[in-house]
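A.B. asks:
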Amino acid sequence: MSREKILAAVKFNQPAAMPLPDMEVLNKLTDVRTDLVSKYKAIATAGGSFVYEVSGFDEIKTIINNEFKAGVKIISALNELSDYIYAETVKHEDGHTFADVELTVLRTQLGVAENGALWLTEKDMGSRVLPFIAQHLAVVISKDDFVPTMAQAYQTIGDADYGYGSFISGPSKTADIEQSLVIGAHGPRSLSVFILS
1 MSREKILAAV
11 KFNQPAAMPL
21 PDMEVLNKLT
31 DVRTDLVSKY
41 KAIATAGGSF
51 VYEVSGFDEI
61 KTIINNEFKA
71 GVKIISALNE
81 LSDYIYAETV
91 KHEDGHTFAD
101 VELTVLRTQL
111 GVAENGALWL
121 TEKDMGSRVL
131 PFIAQHLAVV
141 ISKDDFVPTM
151 AQAYQTIGDA
161 DYGYGSFISG
171 PSKTADIEQS
181 LVIGAHGPRS
191 LSVFILS
């Protein structure tokens, strides 16, 4: 069978579109304001993240400056953290130029309490490679931007217009190598989450 025939057969044999399930029952069962920040902190910390509740960007700068030596390459996608390289100014650079990035700081508008995940789109990232190539990743989120479950997260992002997005939950980790946990094997060695009150 030729390539064209195979592709035509695949294109023709598509299942009918199904409506998404009604979320009303889940929304009633999960009180959206039940201390989501505490639940998120517990899950994210158990997954290896460092979680800080902060009152503003000056507090974030202080923590970053205490954790990282002066002179290391830090890229921030936040105007409020302009002391660092601004992601917008380097987003068109070749991804290889980011190989020496020690810390990337991003902002998200969506966190998931049940599994410690944060939703980042390419708009949040500046460059798609930044959350994955840096040695360390920090994400800033408002305390009001958490949802209880992944189902509600997907409901939130379902109709959004974005070219690329990723849920990130904790630092990179794998146990493939002799069933031994390795942190930072193929991504950031740490994830710091700053929850703005």
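Going by my numbering, the first residue of the sequence shown is number 1, and it counts up by one from there.
From the three backbone atoms N, C-alpha and C, an ideal C-beta is built for every residue, glycine too.
#1: Return the CA-CA distance between I43 and A153, expressed in angstroms with no decimal places.
#2: Enumerate in chain order the residues of its own chain whose CB-to-CB distance from E122 is below 8 Å, with the five nearest sequence positions on each side excluded.
#3: Taking the alpha-carbon of Q155 as reference, which of D22, I75, D176 and S2 has the nearest alpha-carbon?
#4: With respect to the alpha helix (DSSP H) encompassing S38, which residues constitute its N-terminal and C-terminal limits?
#5: When the Cα of L196 is compared with those of K69, V37 and G56, which residue comes out closest?
#6: Per the DSSP calculation, F194 is bridged to which residue(s)?
#7: To the nearest angstrom, how far is the alpha carbon of V182 from that of F132?
#8: Could you have a look at L130 and say whether DSSP puts it in helix, strand or coil?
#9: Hey, could you find the ends of the alpha helix (DSSP H) F12 is sitting in?
#10: Measuring alpha carbon to alpha carbon, tell me which of A134, L36, D35 and D83 ends up nearest D58.
#11: Relative to the C-alpha of S142, which residue among L7, G47, V51 and A8 is closest?
#12: Under the rule that 16 or more other beta-carbon atoms within 10 Å means buried, what is H136, buried or exposed?
#13: From the DSSP output, read off the bridge partner residues of Y86.
#14: When you compare the region 185-193 with the region 144-153, are there three or more beta-carbon pairs, one atom per stretch, that lie closer than 8 Å?
#15: Secondary structure at E178, three-state DSSP: helix, strand or coil?
#16: Thinking C-beta only, is L103 closer than 8 Å to A138?
#17: Mark T108 as exposed unless 16 or more other C-beta atoms lie within 10 angstroms of its C-beta, in which case mark it buried.
#18: Among the candidates D176, T149 and N65, whose CA atom is the shortest distance from the CA of A113?
#19: Just to confirm, is the Cβ distance from G95 to P171 under 8 Å?
#20: Less than 7 Å between C-beta atoms, sequence neighbours within five positions excluded: which residues of the same chain meet that for D124?
C.D. replies: The structure says:
#1: 16 Å
#2: Taken in chain order, the residues that qualify are R128, Y162, G163, Y164 and G165.
#3: D22
#4: L36 to A46
#5: For the residues K69, V37 and G56, the minimum Cα distance to L196 belongs to G56.
#6: Y52 and V140
#7: Going from the Cα of V182 to the Cα of F132 covers about 16 Å.
#8: helix
#9: R3 to F12
#10: D83
#11: V51
#12: buried
#13: Beta-bridge analysis with DSSP links Y86 to S76.
#14: no
#15: coil
#16: yes
#17: buried
#18: T149
#19: no
#20: A77, L106, R107 and T108
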